[in-house]
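Undergrad:
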Amino acid sequence: SGRAPAITTDIAVDDPIGDVVAKLAYDEQQTLADTAAGLDTVQLGAAVAALAAARRTDVYGIGASGLVAQDLTQKLLRIGLIAHAPSDPHLAVTNAVQLRAGDVALAITHSGSTGDVIEPLRAAFERGATTVAITGRPDSPVTQYADHVLTTSTARESELRPAAMSSRTSQLLVVDCLFVGVAQRTYEAAAPALAASYEALAHRHGSRGRP
Numbered sequence: 507s508g509r510a511p512a513i514t515t516d517i518a519v520d521d522p523i524g525d526v527v528a529k530l531a532y533d534e535q536q537t538l539a540d541t542a543a544g545l546d547t548v549q550l551g552a553a554v555a556a557l558a559a560a561r562r563t564d565v566y567g568i569g570a571s572g573l574v575a576q577d578l579t580q581k582l583l584r585i586g587l588i589a590h591a592p593s594d595p596h597l598a599v600t601n602a603v604q605l606r607a608g609d610v611a612l613a614i615t616h617s618g619s620t621g622d623v624i625e626p627l628r629a630a631f632e633r634g635a636t637t638v639a640i641t642g643r644p645d646s647p648v649t650q651y652a653d654h655v656l657t658t659s660t661a662r663e664s665e666l667r668p669a670a671m672s673s674r675t676s677q678l679l680v681v682d683c684l685f686v687g688v689a690q691r692t693y694e695a696a697a698p699a700l701a702a703s704y705e706a707l708a709h710r711h712g713s714r715g716r717p
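Under this note's numbering, residues 507 to 717 are what the sequence shown spells out, in order.
#1: What do you get for residue 524, buried or exposed, if any count of 16 or more other CB atoms within 10 angstroms of its CB means buried?
#2: Shortest alpha-carbon distance to residue 688 belongs to which of 585, 604, 545 and 632?
#3: Would you list the residues sitting across from residue 566 in a DSSP beta bridge?
#4: Taking the alpha-carbon of residue 575 as reference, which of 582, 567 and 581 has the nearest alpha-carbon?
#5: Who are the Cβ neighbours of residue 665 in its own chain at under 7 Å, not counting the five residues just before and after it?
#6: How far does the alpha helix (DSSP H) with residue 639 in it extend, from its first residue to its last?
#7: Which same chain residues end up closer than 6 Å to residue 648 when comparing Cβ atoms and leaving out the 5 residues on each side of it in sequence?
#8: Taking only three categories from DSSP, how would you classify residue 702?
#9: Please report how far the alpha carbon of residue 629 lies from the alpha carbon of residue 690, in whole angstroms.
#10: Check residue 709 in the structure and name its three-state DSSP category.
#11: Any idea what DSSP makes of residue 571, helix, strand or coil?
#12: Could you check which residue in 634, 534, 660 and 556 has the C-alpha nearest to that of residue 643?
#13: Below 8 Å on the Cβ atoms is my guess for residue 622 versus residue 595; work out the distance and round it to an integer in Å.
#14: Where does the unbroken beta strand (DSSP E) through residue 655 begin, and where does it stop?
#15: Is it right to say residue 597 is buried, meaning 16 or more other beta carbons lie within 10 angstroms of its own, or is it exposed?
#16: Just to confirm, is the Cβ distance from residue 529 to residue 516 under 8 Å?
#17: Which word fits residue 674, buried or exposed, when buried means at least 16 other C-beta atoms lie within 10 angstroms of its C-beta?
#18: Is the distance from the Cβ of residue 610 to the Cβ of residue 552 below 8 Å?
#19: Where does residue 629 fall in DSSP's three states?
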């Protein structure tokens, strides 16, 4: 047909930038809608309850999923919870073997087959921690070691995408749902902790440039 090759599902290399913006915005909206429609709220509620009661939470992710792991960890820290997202795979396993019942380990992997994410989750699972997997493939290896599985959208993922754009968008929605659910359950402690973090950051921003 003479059409230029696509670089994602519906974007061609000769598309004007305005079309790229419109198509990506539509794609992300559909990804969010698909994720929300497919999310098991019973599993989500159980994961929220475990996180809210956890003595400590470890979150594992590599690459783009690692950024999502950092996002969840920072959110939990800002409401006064103890959370870690080790970026080094060896450190992740070292931390995981210290977890016990009452702790939570959460793995984020779109493929569900990332060894550096599965290994620490398995270690935490074997030591009695509550385990959660956020994955686009609910029948993947990571789910063998997950007490609760939260499924993300896979419908708009393309092998030609330069990054895991749809999976990242989907994972961030699930992470936001977890965070809001935990904040609701721990509101009496979360509200002052969040206010304190806002105040600390505001003071830091206001003092920039001062001697």
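A virtual CB, placed ideally from N, CA and C, is assigned to each residue, including glycine. Since this is a predicted model, take the numbers as computed values, not measurements.
TA: Put simply:
#1: As a first step, residue 524 must be located in the sequence shown, where it is residue number 18. Under this definition residue 524 is an exposed residue.
#2: Counting from one through the sequence shown, the residue named residue 688 turns up at place 182. Closest by alpha carbon: 585.
#3: Numbered from its first residue, the sequence shown carries residue 566 at position 60. For residue 566, which the question treats as bridged, DSSP gives the partners 613.
#4: Taking the sequence shown and counting its residues from 1, one reaches residue 575 at position 69. When each option's Cα is compared against that of residue 575, the closest is 567.
#5: Position 159 of the sequence shown, counted from the start, is the residue given in the question as residue 665. Confidence in residue 665 is poor, its pLDDT being 47 and thus under 50, which makes the residue's placement too unreliable to answer from.
#6: In the sequence shown, residue 639 corresponds to position 133, counting from 1. In the DSSP assignment, residue 639 falls outside any alpha helix (DSSP H) and lies within the beta strand (DSSP E) extending over 636 to 641.
#7: Position 142 of the sequence shown, counting from 1, holds the residue named residue 648. Hits under 6 Å: 613, 615, 618, 624, 639 and 641.
#8: By 1-based counting over the sequence shown, the position of residue 702 is 196. Looking at residue 702 - three-state DSSP - the assignment turns out to be helix.
#9: Reading the sequence shown from its first residue, position 123 is the one you call residue 629. Reading the sequence shown from its first residue, position 184 is the one you call residue 690. Those two C-alpha atoms are separated by around 30 Å.
#10: Numbered from its first residue, the sequence shown carries residue 709 at position 203. Of the three classes helix, strand and coil, the one that applies to residue 709 here is helix, per DSSP.
#11: Residue mapping note: residue 571 aligns to position 65 of the sequence shown, counting from 1. Here residue 571 sits in helix by DSSP.
#12: Translated into the one-based positions of the sequence shown, residue 643 becomes position 137. Comparing C-alpha distances from residue 643 to each of 634, 534, 660 and 556 shows the shortest one belongs to 660.
#13: Within the sequence shown, numbered from 1, the residue matching residue 622 stands at position 116. Within the sequence shown, numbered from 1, the residue matching residue 595 stands at position 89. About 4 Å separates the two Cβ atoms, so the contact holds.
#14: If you number the sequence shown from 1, residue 655 lands on position 149. The continuous beta strand (DSSP E) containing residue 655 extends over residues 654 to 657.
#15: Position 91 of the sequence shown holds residue 597. Exposed is the call here.
#16: Looking up residue 529 in the sequence shown gives position 23. Looking up residue 516 in the sequence shown gives position 10. Yes.
#17: Counted from its first residue, the sequence shown places residue 674 at position 168. Burial of residue 674 is indicated by the presence of at least 16 other C-beta atoms within 10 angstroms of its C-beta.
#18: Working through the sequence shown from its first residue, we reach residue 610 at position 104. Working through the sequence shown from its first residue, we reach residue 552 at position 46. Cβ atoms of residue 610 and residue 552: not closer than 8 Å.
#19: Your numbering for residue 629 matches position 123 in the sequence shown. Here residue 629 sits in helix by DSSP.
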